[in-house]
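Novice: Take this structure first; my questions come after.
Residue numbers (the numbering used here), protein chains in the order written: chain R, 86 to 378; chain P, 86 to 378.
Next up, the structure:
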């Protein structure tokens with residue numbers, strides 16, 4: 086993928102501002118543990134791909150948007166791994182933040198990363214105040230209440246779950262933010278880009294459900310079978326493995342079809358195809374069942 | 086105090102946007118539990134008082150700034166009360182959020198309130214984009230790493246504490262934000278207002294240390310003796326009760342002296358005096374020891 090270096094550089098620039106001066110050393114280290122080395126960085130790649138498709142006329146703003154989305158994503162992983170949620174002992178193949186640094190610093194690391202995301206955006210105001218403010222508003226709406234990833238996580242504490250609101254908020258919201266913020270960063274109207282993010286988010290959820298069922302812990306780098314343990318809805322238990330794979334293909338076809346007409350349309354479709362390739366579990370690819378994805 | 090109604094209205098307006106639509110009901114209720122009824126609302130009152138002293142030419146922006154500061158403060162209380170920090174069972178005379186709604190929703194309530202603070206500010210961009218962006222940057226810097234309240238809390242996990250960085254970040258940062266953001270909201274340079282916030286923050290810390298030592302649990306509405314239990318630095322253990330009271334008076338005198346020359350200078354000095362009156366523990370006032378504060 087072409088944007089990996091740009092994303093890592095932007096994330097590291099943000100991280101260094103948080104670690105500067107008289108920062109308490111352990112929390113500074115916990116922040117680094119939470120964001121480096123990165124995972125697949127799928128969300129910021131979508132953001133940058135959309136920004137590029139829209140002309141990317143202010144790359145430093147696209148950089149900030151991509152970094153902010155990734156920081157929020159990392160924050161959500163740190164808090165989701167806490168003992169009171171998934172109680173996950175490892176993440177990305179190493180100890181999760183609360184295991185490495187203790188619960189207090191894990192709570193504070195998540196809080197600090199959320200704040201750092203907004204600081205990263207706010208620092209761009211001197212380049213373009215309107216775009217910066219629009220980016221911040223978009224990210225808050227995809228992250229907080231009532232429709233963001235916090236709301237999504239909170240549905241797991243409800244006795245009766247609004248399934249569509251749950252999925253839209255828990256996984257979809259940050260993908261929608263990724264595509265909308267890519268457009269905003271490049272000075273475009275975000276509305277036509279909402280569907281692309283929503284569909285990639287749906288696809289990601291189905292792929293995640295497949296991985297949770299099909300993979301072992303070592304391959305995945307985090308605990309498996311979590312949906313069954315936490316009795317969370319899972320596309321595989323609803324549709325079966327083949328049904329879930331069919332659904333994944335349909336959604337990604339729809340995602341590509343939803344890309345608005347623009348200069349970078351073909352390139353972006355290729356990025357979505359590659360994302361799909363990455364999302365699809367290896368065993369499914371080997372069986373040829375996801376051939377046409 | 087004259088601003089109480091304006092602050093409550095602004096906080097409730099923000100809260101309602103977070104509870105709208107398909108919000109998960111328990112988290113929506115937990116947010117309300119965390120912010121209503123309010124405590125002394127000292128920080129937003131300082132913000133509004135400074136905005137007024139600076140002319141308050143865009144009251145809706147001052148409202149948003151005051152609400153944002155209070156939301157961040159409430160978020161910090163929710164997270165600080167968690168079992169892994171103070172493990173406080175009650176707050177403002179009622180069960181703390183994690184006791185009432187469980188730990189997962191308490192973590193999410195804190196996260197959501199942080200995000201809501203920035204959303205509240207970002208919604209003001211159409212009134213004045215520059216001021217909005219400056220407010221957001223100022224609030225992130227007072228809240229996150231390396232100098233904000235998260236950094237302050239993180240110093241409690243360090244084996245060796247940088248005491249001045251600890252106090253400046255843990256308590257001072259949000260008071261500095263309050264005075265600076267009041268100035269920004271009214272279109273003034275925040276720099277001359279930094280000292281006022283810093284000094285009120287110091288005074289608040291000393292007053293809090295006095296209350297922690299002098300009050301009982303029922304009067305304070307939260308557990309007492311926490312500094313000794315958590316071996317946190319406390320002005321009373323350093324200076325004794327009389328020494329701490331002298332220090333409180335000195336700091337507040339300095340705070341009033343630091344108020345920049347402006348139209349609302351006299352009125353603002355009166356607000357600081359009233360804040361001091363409120364901060365001073367009743368038993369100290371009764372003994373006459375803090376007479377001149």
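A virtual CB, placed ideally from N, CA and C, is assigned to each residue, including glycine.
Could you spell out the range, first to last residue, of the alpha helix (DSSP H) harbouring residue 299 of chain P?
Specialist: Translated into positions along the second chain, residue 299 of chain P becomes position 214. Element bounds for residue 299 of chain P: 279-299.
Novice: With burial defined as no fewer than 16 other Cβ atoms inside 10 Å of the residue's Cβ, what is the status of residue 158 of chain P: buried or exposed?
Specialist: As a first step, residue 158 of chain P must be located in the second chain, where it is residue number 73. Burial call: buried.
Novice: Along chain P, in chain order, which residues have C-beta atoms closer than 8 angstroms to that of residue 163 of chain R?
Specialist: If you number the first chain from 1, residue 163 of chain R lands on position 78. Here the premise fails: no neighbours, minimum Cβ distance about 10 angstroms.
Novice: What residue range does the alpha helix (DSSP H) around residue 317 of chain P cover?
Specialist: Walking along the second chain from the start, residue 317 of chain P turns up at place 232. From DSSP, residue 317 of chain P is part of no alpha helix (DSSP H); its letter is neither H nor E.
Novice: Does residue 132 of chain P have its Cβ less than 9 angstroms from a Cβ in chain R?
Specialist: In the second chain, the residue the question calls residue 132 of chain P occupies position 47. Chain R contact via Cβ: absent.
Novice: When you compare only the Cα positions, how much space is there between residue 276 of chain R and residue 226 of chain R?
Specialist: As a first step, residue 276 of chain R is located in the first chain; it is residue number 191 there, counting from the start. As a first step, residue 226 of chain R is located in the first chain; it is residue number 141 there, counting from the start. About 14 angstroms.
Novice: Within this structure, are the beta carbons of residue 224 of chain P and residue 262 of chain P separated by less than 9 angstroms?
Specialist: Residue 224 of chain P sits at position 139 when you count from the first residue of the second chain. Residue 262 of chain P sits at position 177 when you count from the first residue of the second chain. In contact: residue 224 of chain P and residue 262 of chain P (Cβ atoms closer than 9 angstroms).
Novice: Alpha carbon to alpha carbon, how far is residue 229 of chain P from residue 194 of chain P? Give it in angstroms, no decimals.
Specialist: For this step, residue 194 of chain P is matched to residue 109 along the second chain. For this step, residue 229 of chain P is matched to residue 144 along the second chain. Whole-angstrom Cα-Cα distance: 17 angstroms.
Novice: For residue 176 of chain R, name the three-state secondary structure that DSSP assigns.
Specialist: Stepping through the first chain from its first residue, residue 176 of chain R is reached at position 91. Three-state result, residue 176 of chain R: strand.
Novice: Report yes if the CB atom of residue 203 of chain R is closer than 9 angstroms to the CB atom of residue 221 of chain P, and no otherwise.
Specialist: On the first chain, position 118 is the one that residue 203 of chain R refers to. On the second chain, position 136 is the one that residue 221 of chain P refers to. Contact flag set, yes.
Novice: In this structure, does DSSP put residue 376 of chain P in helix, strand or coil?
Specialist: Numbered from its first residue, the second chain carries residue 376 of chain P at position 291. Because residue 376 of chain P sits at a pLDDT of 43, beneath the cut-off of 50, its placement in the model cannot be relied upon, and the following sentence gives the value as read from the coordinates. In the structure shown, residue 376 of chain P sits in coil (DSSP, three-state: anything other than H, G, I, E or B).
Novice: Would residue 359 of chain R be called buried (16 or more neighbouring beta carbons within 10 Å of its own) or exposed?
Specialist: As a position in the first chain, residue 359 of chain R is number 274, starting the count at 1. So residue 359 of chain R counts as exposed.
Novice: Which chain R residues sit within Cβ distance under 7 angstroms of residue 228 of chain P?
Specialist: By one-based count along the second chain, residue 228 of chain P stands at place 143. Here the neighbours are 200.
Novice: Where in the stretch 106-161 of chain R do unbroken runs of the beta strand (DSSP E), each at least 3 residues long, occur, reported from the N-terminal end onward?
Specialist: none
Novice: Apart from the five residues on each side of it in sequence, which residues of its chain come closer than 7 angstroms, Cβ to Cβ, to residue 66 of chain P?
Specialist: Residue numbering for chain P in the displayed model covers 86 to 378; residue 66 of chain P lies beyond these limits and cannot be assessed.
Novice: Given 8 angstroms as the limit, is there contact between the stretch 153-167 of chain P and the stretch 179-196 of chain P, that is, 3 or more CB pairs closer than that?
Specialist: yes
Novice: Among P:116, P:271 and P:320, which one has its Cα closest to the Cα of residue 294 of chain P?
Specialist: Taking the second chain and counting its residues from 1, one reaches residue 294 of chain P at position 209. When each option's Cα is compared against that of residue 294 of chain P, the closest is P:320.
Novice: On a Cα-Cα basis, can you pick out the residue from P:273, P:144 and P:152 that is closest to residue 205 of chain P?
Specialist: Along the second chain, one-based indexing puts residue 205 of chain P at 120. The shortest C-alpha separation from residue 205 of chain P is found at P:152.
Novice: Report the rounded CA-to-CA distance for residue 233 of chain P versus residue 108 of chain R, giving the unit in angstroms.
Specialist: Counting from one through the second chain, the residue named residue 233 of chain P turns up at place 148. Counting from one through the first chain, the residue named residue 108 of chain R turns up at place 23. Each residue's alpha carbon lies about 10 angstroms from the other.
Novice: Cβ atoms of residue 260 of chain R and residue 237 of chain R: under 9 angstroms apart, would you say?
Specialist: The residue given as residue 237 of chain R occupies position 152 in the first chain. The residue given as residue 260 of chain R occupies position 175 in the first chain. Not in contact: residue 237 of chain R and residue 260 of chain R (Cβ atoms no closer than 9 angstroms).
Novice: Between residue 86 of chain P and residue 96 of chain P, what straight-line distance do the alpha-carbon atoms span, to the nearest angstrom?
Specialist: By 1-based counting over the second chain, the position of residue 86 of chain P is 1. By 1-based counting over the second chain, the position of residue 96 of chain P is 11. Because residue 86 of chain P sits at a pLDDT of 47, beneath the cut-off of 50, its placement in the model cannot be relied upon, and the following sentence gives the value as read from the coordinates. Those two C-alpha atoms are separated by around 17 angstroms.
Novice: Measure the CB-CB distance between residue 150 of chain P and residue 283 of chain P and report whether it falls below 9 angstroms.
Specialist: The residue labelled residue 150 of chain P in the question sits at position 65 within the second chain. The residue labelled residue 283 of chain P in the question sits at position 198 within the second chain. It is not a contact, given that the beta carbons lie outside the stated cut-off.
Novice: Taking residue 187 of chain R as the reference, give the member of R:135, R:116, R:139 and R:265 with the closest Cα.
Specialist: Taking the first residue of the first chain as position 1, residue 187 of chain R is located at position 102. Closest by alpha carbon: R:116.
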